[in-house]
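According to the working numbering, the residues represented by the sequence shown are 1 to 322, in order.
Working notes for the structure below.
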Amino acid sequence: MDDVMAIFNVGTFLLIVGIIVLVALVSSIVRIVPQGSVYVIERLGAYSRTWETGLRFKAPFFDRISKRVSIKEQVLDFNPQPVITKDNVTMQIDTIVFFQVVDAKLFAYGVERPISAIENLTATTLRNIVGDLELDQTLTSRDIINTKITSILDAATDKWGIKVNRVEIRNIIPPREIQDAMERQMKAERDRREAILRAEGEKRSAVLVAEGEKESRVLRAEGEKLSHILRAEAEAEALVKEAQGQAEAIMMLQKATADSIKLLNESAPDHRVLMLKSFEAMEKVADGKATKLIIPSEMQALGGLAATLKEIVSASGDTPES
Numbered sequence: 001m002d003d004v005m006a007i008f009n010v011g012t013f014l015l016i017v018g019i020i021v022l023v024a025l026v027s028s029i030v031r032i033v034p035q036g037s038v039y040v041i042e043r044l045g046a047y048s049r050t051w052e053t054g055l056r057f058k059a060p061f062f063d064r065i066s067k068r069v070s071i072k073e074q075v076l077d078f079n080p081q082p083v084i085t086k087d088n089v090t091m092q093i094d095t096i097v098f099f100q101v102v103d104a105k106l107f108a109y110g111v112e113r114p115i116s117a118i119e120n121l122t123a124t125t126l127r128n129i130v131g132d133l134e135l136d137q138t139l140t141s142r143d144i145i146n147t148k149i150t151s152i153l154d155a156a157t158d159k160w161g162i163k164v165n166r167v168e169i170r171n172i173i174p175p176r177e178i179q180d181a182m183e184r185q186m187k188a189e190r191d192r193r194e195a196i197l198r199a200e201g202e203k204r205s206a207v208l209v210a211e212g213e214k215e216s217r218v219l220r221a222e223g224e225k226l227s228h229i230l231r232a233e234a235e236a237e238a239l240v241k242e243a244q245g246q247a248e249a250i251m252m253l254q255k256a257t258a259d260s261i262k263l264l265n266e267s268a269p270d271h272r273v274l275m276l277k278s279f280e281a282m283e284k285v286a287d288g289k290a291t292k293l294i295i296p297s298e299m300q301a302l303g304g305l306a307a308t309l310k311e312i313v314s315a316s317g318d319t320p321e322s
């Protein structure tokens with residue numbers, strides 16, 4: 001009975017060992033390559049093939065996975081690098097590199113420590129490019145620097161199975177004294193722009209005030225001109241009315257005198273009748289439209305004139321006919 005139990009224990013042990021060996025063998029043969037990764041396989045120390053995504057099998061004891069490579073785009077953020085410009089200004093430049101492995105075999109066997117190689121190549125290329133630029137050009141030419149570095153790194157890393165997609169300068173840190181000088185320069189520029197804007201505003205204000213005064217003077221002159229014209233027209237019209245009144249007065253006096261002479265010729269009125277007729281004529285003249293009334297100085301002796309006319313008429317009547 002003890003022998004049976006011993007045999008059973010040995011058999012169980014061997015079965016367990018066999019299962020373990022089988023599992024280890026299967027696990028060493030079967031591999032699952034995840035998405036976004038490739039495996040570099042070596043057989044007896046030499047490159048054999050590259051496994052892509054999926055279920056893969058390898059020969060036990062002969063094949064081994066040499067390198068697991070990610071083919072996703074990766075980002076390298078390097079520490080700030082000291083760079084000297086053309087005008088001897090030392091500054092710190094921080095760069096970011098975006099790259100992707102396109103050939104796992106070249107990536108595995110092309111260069112030792114490829115990430116370090118990319119970092120050193122980036123720093124060297126950056127120093128060469130910035131060394132040909134002055135400080136102001138460096139601060140304003142980021143796009144140009146990025147494009148040049150990307151082109152140089154992409155050409156240099158092709159033999160390593162790496163594709164450099166993009167290089168970005170994240171930060172440029174000039175020396176403290178340069179920063180202070182730049183701040184003073186920017187402040188002076190802002191003050192200059194402020195002064196220009198203020199001067200332009202004052203100029204515009206002065207122009208508007210001058211234009212307003214000019215328009216005011218023009219309007220005032222036009223008003224005075226119109227006032228003079230209207231005043232002159234009124235005076236001219238008054239003179240015309242006055243002349244018309246004087247003419248009408250003279251005509252009425254002439255008519256009155258003629259009427260008086262006619263009456264004297266028709267009869268021999270006394271001086272009182274003549275005076276009455278004269279005053280009636282003066283009343284008609286006063287009722288006229290004339291603005292002024294001119295009375296002859298001889299009107300004072302109108303009584304004497306009437307008496308004289310009476311005597312003349314009487315003498316004419318007493319003269320015998322021839």
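Yeah, the Cβ is synthetic: ideal placement off N, Cα and C, and Gly gets one too.
Distance between residue j and residue i (C-alpha atoms, nearest Å)
i	j	result
Asn-171	Pro-80	8 Å
Gln-300	Lys-255	Its pLDDT being 49, under 50, Gln-300 is placed unreliably by the model, and nothing is read from it.
Gly-18	Phe-78	51 Å
Asp-63	Glu-168	41 Å
Phe-107	Leu-139	35 Å
Thr-12	Phe-57	30 Å
Glu-298	Leu-253	The predicted position of Glu-298 is uncertain, since its pLDDT is 48 and thus under 50; a value taken from the coordinates is nonetheless stated next. Taking the straight line joining both Cα atoms gives about 12 Å.
Asp-103	Ser-70	10 Å
Ile-229	Glu-213	24 Å
Ala-206	Ile-93	51 Å
Leu-25	Gln-74	35 Å
Ala-195	Glu-189	10 Å
Val-23	Lys-105	30 Å
Ile-29	Thr-124	45 Å
Pro-175	Ser-141	18 Å
Ser-48	Glu-42	5 Å
Ala-232	Ala-199	49 Å
Ile-149	Val-89	20 Å
Arg-31	Gln-179	57 Å
Ile-115	Ile-129	21 Å
Glu-202	Arg-193	14 Å
Ser-227	Glu-235	12 Å
Gly-223	Glu-237	21 Å
Ala-46	Arg-166	34 Å
Val-218	Met-186	47 Å
Val-209	Asp-191	27 Å
Range of the contiguous alpha helix (DSSP H) that encloses residue i
i	result
Val-130	114-130
Leu-135	135-140
Ala-108	104-109
Contacting residues, own chain, Cβ-Cβ under 7 Å from residue i (five flanking each side not counted)
i	result
Val-111	Ala-117 and Trp-160
Ile-20	none
Arg-127	Val-83
Arg-68	Ser-37 and Tyr-39
Val-164	Val-97, Phe-99, Thr-150, Leu-153, Asp-154 and Thr-157
Candidates the options: closest to residue i by CA position
i	options	result
Thr-85	Gly-245, Val-207 and Leu-135	Leu-135
Phe-98	Leu-14, Ile-162, Arg-217 and Ala-236	Ile-162
Glu-177	Ile-20, Ser-27 and Met-91	Met-91
Gly-54	Gln-100, Tyr-39, Leu-25 and Lys-67	Tyr-39
Thr-50	Phe-61, Pro-60 and Ser-66	Ser-66
Thr-95	Leu-14, Lys-225, Glu-183 and Asn-146	Asn-146
Leu-44	Val-164, Glu-215, Pro-60 and Gln-35	Pro-60
Leu-133	Val-83, Gln-35 and Glu-242	Val-83
Asp-87	Arg-217, Val-218 and Gln-137	Gln-137
Leu-153	Asp-191, Arg-204 and Gln-100	Gln-100
Thr-157	Asp-191, Thr-122, Met-251 and Arg-184	Thr-122
Beta-carbon contacts of residue i that lie in its chain and below 6 Å, excluding the five residues immediately before and after
i	result
Ala-290	With a pLDDT of 49 at Ala-290, under the threshold of 50, the modelled position of this residue cannot be trusted, and the question is left open.
Tyr-363	The shown model of the chain, from 1 to 322, leaves out residue 363, and the question about it has no answer.
Leu-76	Val-97
Glu-211	none
Glu-119	Phe-78
N- and C-terminal bounds of the beta strand (DSSP E) containing residue i
i	result
Val-98	The question names Val, but residue 98 in the sequence shown is Phe. Its beta strand (DSSP E) spans residues 90-101.
Ala-326	Residue numbering for the chain in the displayed model covers 1 to 322; residue 326 lies beyond these limits and cannot be assessed.
Phe-61	Unbroken run through Phe-61: none, as it is neither H nor E.
Helix, strand or coil at residue i [DSSP, three-state]
i	result
Ile-71	coil
Gly-36	coil
Lys-163	strand
Phe-78	coil
Ala-290	Low local confidence applies: a pLDDT of 49 at Ala-290 is under 50, so the model's placement there is unreliable, with the coordinate-based value given in what follows. Ala-290 falls in the coil class under three-state DSSP.
Close beta carbons around residue i, own chain, < 8 Å, minus the five adjacent residues each side
i	result
Glu-52	Val-33 and Val-38
Met-182	Pro-174
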